[in-house]
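Throughout the sequence shown, residue numbering follows this note's numbering, covering 14 to 224 in sequence.
Every residue, glycine too, gets a C-beta built ideally from N, C-alpha and C.
Computed from a predicted model, the values in this text were never measured in an experiment.
Contents: one structure, followed by commentary.
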Amino acid sequence: MDALEKYILANTKPEEELMHLLERETYLRVINPRMISGHLQGKLLEMLVRMLRPKRVLEIGTFTGYSALSIARGLEGDATLDTIEVDDELEYIAASFFARSQYGHRIHQHIGSALEVVPRLERCYDMVFIDGDKREYTAYYDMLMDGGYVRSGSFILADNILWYGKVAQPIAHNDKHTENIVEFNRRVVEDPRVDNVIVPIRDGINLIRVL
Numbered sequence: 014m015d016a017l018e019k020y021i022l023a024n025t026k027p028e029e030e031l032m033h034l035l036e037r038e039t040y041l042r043v044i045n046p047r048m049i050s051g052h053l054q055g056k057l058l059e060m061l062v063r064m065l066r067p068k069r070v071l072e073i074g075t076f077t078g079y080s081a082l083s084i085a086r087g088l089e090g091d092a093t094l095d096t097i098e099v100d101d102e103l104e105y106i107a108a109s110f111f112a113r114s115q116y117g118h119r120i121h122q123h124i125g126s127a128l129e130v131v132p133r134l135e136r137c138y139d140m141v142f143i144d145g146d147k148r149e150y151t152a153y154y155d156m157l158m159d160g161g162y163v164r165s166g167s168f169i170l171a172d173n174i175l176w177y178g179k180v181a182q183p184i185a186h187n188d189k190h191t192e193n194i195v196e197f198n199r200r201v202v203e204d205p206r207v208d209n210v211i212v213p214i215r216d217g218i219n220l221i222r223v224l
């Protein structure tokens, strides 16, 4: 951690104990623990939820539940979050921390492919956080925009949109992750149905508003 990142963390409201325990558990038990959102991004998600005040939120890619709990913390009243994870081996970790949180009752956990689960839920969302399989980002976007799962005024947030800087470099042969993220970003910026800005926090978030 460099000096600037230490300064940023020191001047951001501290992480609550349960979130710290979840991050520690993730690093102890999960392959690729760096996929966790972490405190800065989690706090940003919470603040965006508090500003936008969505009633229904969708998360594609639960992982161990850090971002879901961050979103749930910012929800008001009877607002709810549907979170979807394709890896059933991660279900228990997330569920155990949801159960320990005072905000866990706002979270509805689903296991399976988002491309199959979302159509079954038959809901329209005010906010969507995409952090699933990078090779499916364009498919998620098409599903949301063309399937009626978002509407005018909805926000879509896509994580890891800079993909460790690979999006600005020649794409390696068979690098489907970078290829799909580049295509996703191109599709968004050329789509007249939305407005967007890429925020370079951590690995980048594409913040998209449906017009």
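Buried or exposed for residue 100, going by 16 or more other Cβ atoms inside 10 Å?
Taking the first residue of the sequence shown as 1, we reach residue 100 at position 87. The residue is exposed, with fewer than 16 neighbouring Cβ atoms inside 10 Å.
Please return the same chain residues whose Cβ sits closer than 8 Å to the Cβ of residue 31, not counting the five positions on each side in sequence.
Here residue 31 corresponds to residue number 18 of the sequence shown, with the count starting at 1. For residue 31, where only same-chain residues beyond five positions count, the Cβ hits under 8 Å are 82, 110, 113 and 114.
Could you tell me if residue 158 is buried or exposed, where buried requires 16 or more neighbouring beta carbons within 10 angstroms of its beta carbon?
Sequence index remark: in the sequence shown, residue 158 carries index 145 (1-based). Classification for residue 158: buried.
Are there three or more Cβ pairs, one per stretch, closer than 8 Å when the stretch 138-155 is compared with the stretch 68-85?
As far as the Cβ criterion goes, the stretch 138-155 touches the stretch 68-85, which means the pair count is three or higher.
The beta strand (DSSP E) with residue 219 in it runs from where to where?
Position 206 of the sequence shown holds residue 219. Counting along the chain, the beta strand (DSSP E) containing residue 219 begins and ends at 218-223.
Between which two residues does the beta strand (DSSP E) containing residue 94 stretch?
Within the sequence shown, numbered from 1, the residue matching residue 94 stands at position 81. That run of the beta strand (DSSP E) goes 93-98.
What separation, rounded to the nearest whole angstrom, lies between the Cα atoms of residue 145 and residue 218?
Within the sequence shown, numbered from 1, the residue matching residue 145 stands at position 132. Within the sequence shown, numbered from 1, the residue matching residue 218 stands at position 205. One C-alpha to the other measures close to 13 Å.
Roughly how many whole angstroms lie between the Cα atoms of residue 194 and residue 151?
Along the sequence shown, one-based indexing puts residue 194 at 181. Along the sequence shown, one-based indexing puts residue 151 at 138. Each residue's alpha carbon lies about 8 Å from the other.
Could you check what DSSP says for residue 169 in three-state terms: helix, strand or coil?
Position 156 of the sequence shown, counted from the start, is the residue given in the question as residue 169. Residue state, collapsed to three classes: strand.
Short check: CB of residue 78 to CB of residue 35, under 8 Å?
What you label residue 78 is simply residue 65 of the sequence shown in a count that begins at 1. What you label residue 35 is simply residue 22 of the sequence shown in a count that begins at 1. Contact flag set, yes.
Taking 8 Å as the limit between beta carbons, can you name the residues of its chain near residue 223, skipping five residues before and five after?
By one-based count along the sequence shown, residue 223 stands at place 210. Contacts found: 158, 163, 164, 165, 166, 167, 168, 169, 206 and 207.
Near residue 200, which residues of its chain fall below 8 Å by C-beta distance, leaving aside the five closest residues on each side in sequence?
To locate residue 200, count along the sequence shown from 1; it is residue 187. Excluding residues within five positions, the ones whose Cβ falls inside 8 Å are 151 and 154.
Based on the DSSP output, what are the partners of residue 72 in its beta bridges?
Residue mapping note: residue 72 aligns to position 59 of the sequence shown, counting from 1. For residue 72, which the question treats as bridged, DSSP gives the partners 96 and 142.
Output needed for residue 85: all residues of its chain with C-beta closer than 6 Å, excluding positions within five of it in sequence on either side, in chain order.
For this step, residue 85 is matched to residue 72 along the sequence shown. So the list reads 94, 116, 119 and 120, once near-sequence residues are dropped.
Answer yes or no: do residue 176 and residue 186 have a C-beta to C-beta separation smaller than 8 Å?
Against the sequence shown, residue 176 aligns to sequence position 163. Against the sequence shown, residue 186 aligns to sequence position 173. Their beta carbons are not under 8 Å apart, which means residue 176 does not touch residue 186 by this criterion.
Once DSSP output is grouped into helix, strand and coil, what is the label at residue 190?
Within the sequence shown, numbered from 1, the residue matching residue 190 stands at position 177. DSSP places residue 190 in helix when its eight states are reduced to three.
For residue 132, which option in 147, 160 and 122 has the closest C-alpha, if you only look at C-alpha atoms?
Here residue 132 corresponds to residue number 119 of the sequence shown, with the count starting at 1. The shortest C-alpha separation from residue 132 is found at 160.
Assuming residue 159 is part of the alpha helix (DSSP H), what are its boundary residues?
The residue you call residue 159 lines up with position 146 of the sequence shown. It spans 150-159 - the alpha helix (DSSP H) in which residue 159 sits, taken as one unbroken run.
Look at the alpha carbon of residue 21 and the alpha carbon of residue 52, and state the distance between them as a whole number of angstroms.
Looking up residue 21 in the sequence shown gives position 8. Looking up residue 52 in the sequence shown gives position 39. So the two alpha carbons sit approximately 11 Å from each other.
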